[in-house]
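Protein chains in written order, with numbering that gives the first Met the number 0: chain P, 0 to 365; chain D, 0 to 200.
Heads up: the structure comes next, in structure tokens.
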Amino acid sequence: MDNSQQLFEQLFGPEWGAPLYLVVKNVMLILAIVTPLLLAVAYLTFAERKIIAYMQVRVGPNRVTFFGIPWLRGWAQPIADAVKALMKEIIVPTGANKFLFLLAPILTLGPALAAWAVVPFSPELVLADINAGLLYILAMTSLGVYGVIIAGWASNSKYAFLGAMRSAAQVVSYELAMGFALVCVLMMASSLNLGDIVAGQQGGSFLNWYLIPLFPMFLVYFISGVAETNRAPFDVAEGESEIVAGFHVDYSGMAFTVFFLAEYANMILVATLASIMFLGGWLPPVDIAPFNLIPGMIWLLLKIGFMLFFFLWFRATFPRYRYDQIMRLGWKIFIPVTLIWIVVLGAVMQLPETVRLAFPLNLWFS
Amino acid sequence: MNFQDFIFYSLASVLVISALGVITLRNPVHSALLLVLAFVTSSGLWLLLEAEFLAITLVLVYVGAVMVLFLFVVMMLDINLDRLREGFWKWFPFGAALALVMAVEMSMVLMGQQFGSDNMPAPTPKAADYSNTKELGRLLYTDYVYAFELAAVILLVAMVAAIAITLRSRTDKKSLNISKQIAVRRNDRIRVVSMPAEKKE
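Next comes the structure, spelled out in structure tokens:
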């Protein structure tokens, strides 16, 4: 490490060498996070097709295989899909704003990947250990809606525009509930740093996880997360039966695929944040011999996988919400519930020490 | 010029160009999008000043919420540029006078004693674990608590007023009463009639 830094300083001088070295190092670290993430996205689409297929008593994709190996049947499906999408033509509709039309998918995917900068994978393994990590994540997830709005507008099509409007209104409404649910988490941890939030849930077993004192907030956060990613049952933005496919009707080829990559990357992000903030991140469920020998990252991945399964399960189970019911759920149920919970939590945090000892509240409030 | 200056100048030039675009472009949607770009680059500048809480809040509030609604409205309006331009020269002297007053005021403040770069000591860099979120929170809830609460109340009044203005009881449309829908039981809606089987003729 030191050698390469010295090399940079020799090449670019002492003033430019150090920052350039930092830039190159960070780009490599970013690649180390994004490459597995995009692979996970590809295989999440495969998992979704398989799981929903089994839930509907079908088999799912079972043909495409690597090098003709029979027991890998179906596993090359995401790769084949990606190759197909890459080779398709990207059609820009007449009257569309070409620059914005092509910028929109990038603007959707960019924030979904940028939010990973502050996600801690284990106590040491985090790209940017910043103080305002939670705030940064909220800011990044709130940027994702631009891709949708711009896509809907730049397509110069009524259906795309309607889909974009629906999606924008939905995302903006659920962001509030999501933010308030996270306010409860940061009150518990009294920190915005994601590493500190996980550290605040330490203490022997899963009873210490914020899942238990904040269970309603966990539900609010996760359901808002499903709504934010425009997944079923909140997928009115693409509502096939009424507005064809929503904001991406006019997209084709790779531009279309990038929207899906962003949707799945956002799903993984929501699942990761739920595991970090409510399910104890890298902590094992019980801190005894066989469990705490497994590395923390494996636990985190298991928890992410568990949360992701819910997304797929929801899609196979629930019918789509009606639009006014989505709005009602967001504004009239979630926001009042979160506001009340914040007040209750604040009151509990101000309780005198003796009262807290009488109830086992010291499990969570230190 | 070192690395930090390079970042500052690139962000600043993007900021100035996009801000110019906001007021010169003909298409209001393009202007709004450039305003978003201006907000994002200025939050980058604030990050350079180690004001990370304010920088992230700028993105979160202005870019993530305010501008989304702004774009929403601008995209839905059918703006006729020719009609907007109609009275341009008639109102030009008035607008120019306003702009002049504003420019004079700003130059009086910025070129005065308080903001001169000679009077401002360079800020000392803070340690990595210095949390300016915590510092801001402490200041807002101790020294400036009355001003802060007052601002919150004013915002609340504005919110209630906005809702009160748009709230009207319309009789020409049907609306659902969800609690009524949920309270419905099977017996309210269906009646099971037992009929004796009829003889086939």
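The beta carbon of each residue, even a glycine, is placed where N, CA and C say it ideally should be.
Nearest residue (CA-CA) to residue i, options the options
i	options	result
residue 79(P)	156(P), 123(P), 163(P), 45(P)	45(P)
residue 33(P)	249(P), 8(P), 264(P)	264(P)
residue 14(D)	36(D), 64(D), 103(D), 27(D)	36(D)
residue 210(P)	235(P), 181(P), 191(P)	181(P)
residue 134(P)	38(D), 52(D), 5(D)	52(D)
residue 58(P)	65(P), 49(P), 286(P)	49(P)
residue 345(P)	332(P), 186(P), 334(P)	186(P)
residue 198(P)	137(P), 122(P), 142(P), 159(P)	122(P)
residue 74(D)	106(P), 102(P), 149(P), 41(P)	149(P)
residue 41(D)	137(D), 61(D), 23(D)	61(D)
residue 19(D)	34(D), 167(D), 9(D)	34(D)
residue 99(P)	153(P), 70(P), 137(P), 52(P)	153(P)
residue 218(P)	306(P), 301(P), 287(P)	306(P)
residue 366(P)	299(P), 289(P), 248(P), 293(P)	Because chain P is modelled from 0 through 365, residue 366(P) falls outside the range shown and cannot be assessed.
residue 337(P)	183(P), 94(P), 288(P)	183(P)
Helix, strand or coil at residue i [DSSP, three-state]
i	result
residue 204(P)	strand
residue 82(P)	helix
residue 172(P)	helix
residue 141(D)	coil
residue 74(P)	coil
residue 90(D)	helix
residue 68(P)	coil
residue 345(P)	helix
residue 4(D)	helix
residue 130(D)	coil
residue 75(D)	helix
residue 141(P)	helix
residue 233(P)	coil
residue 154(P)	coil
residue 2(P)	helix
residue 110(D)	coil
residue 11(P)	helix
residue 252(P)	helix
residue 25(D)	coil
residue 317(P)	coil
residue 101(D)	helix
residue 270(P)	helix
residue 174(D)	coil
residue 177(P)	helix
Sheet register partners of residue i (DSSP bridge)
i	result
residue 285(P)	204(P)
Residue i vs residue j beta-carbon contact at 8 Å
i	j	result
residue 73(P)	residue 60(P)	yes
residue 227(P)	residue 170(P)	yes
residue 200(P)	residue 282(P)	yes
residue 163(P)	residue 139(P)	no
residue 213(P)	residue 119(P)	no
residue 327(P)	residue 235(P)	no
residue 146(P)	residue 104(P)	yes
residue 270(P)	residue 303(P)	yes
residue 258(P)	residue 250(P)	yes
residue 276(P)	residue 223(P)	no
residue 174(P)	residue 141(P)	yes
residue 246(P)	residue 168(P)	no
residue 172(P)	residue 330(P)	yes
residue 310(P)	residue 266(P)	yes
residue 261(P)	residue 108(P)	yes
residue 68(D)	residue 28(D)	no
residue 110(P)	residue 143(P)	yes
residue 357(P)	residue 55(P)	no
Contact list for residue i against chain D, beta-carbon separation under 7 Å
i	result
residue 131(P)	51, 52, 55, 132
residue 196(P)	Near residue 196(P) there are no residues of chain D at all, since even the closest Cβ is about 14 Å away, more than 7 Å.
residue 138(P)	55, 58, 59, 63
residue 18(P)	2
residue 135(P)	55
residue 191(P)	132
residue 167(P)	67, 71
Chain-ordered neighbours of residue i on chain D, where CB pairs are closer than 8 Å
i	result
residue 15(P)	1, 2
residue 318(P)	What residue 318(P) touches in chain D: nothing, since even the nearest Cβ is about 16 Å away.
residue 327(P)	177
Chain-ordered neighbours of residue i on chain P, where CB pairs are closer than 9 Å
i	result
residue 20(D)	What residue 20(D) touches in chain P: nothing, since even the nearest Cβ is about 13 Å away.
Interface partners of residue i on chain P, CB under 8 Å
i	result
residue 64(D)	141, 171, 174
Under 9 Å from the C-beta of residue i: neighbouring residues of chain D
i	result
residue 152(P)	28, 70, 74
residue 148(P)	67, 70, 71, 74
residue 144(P)	63, 67
residue 164(P)	71, 74, 75
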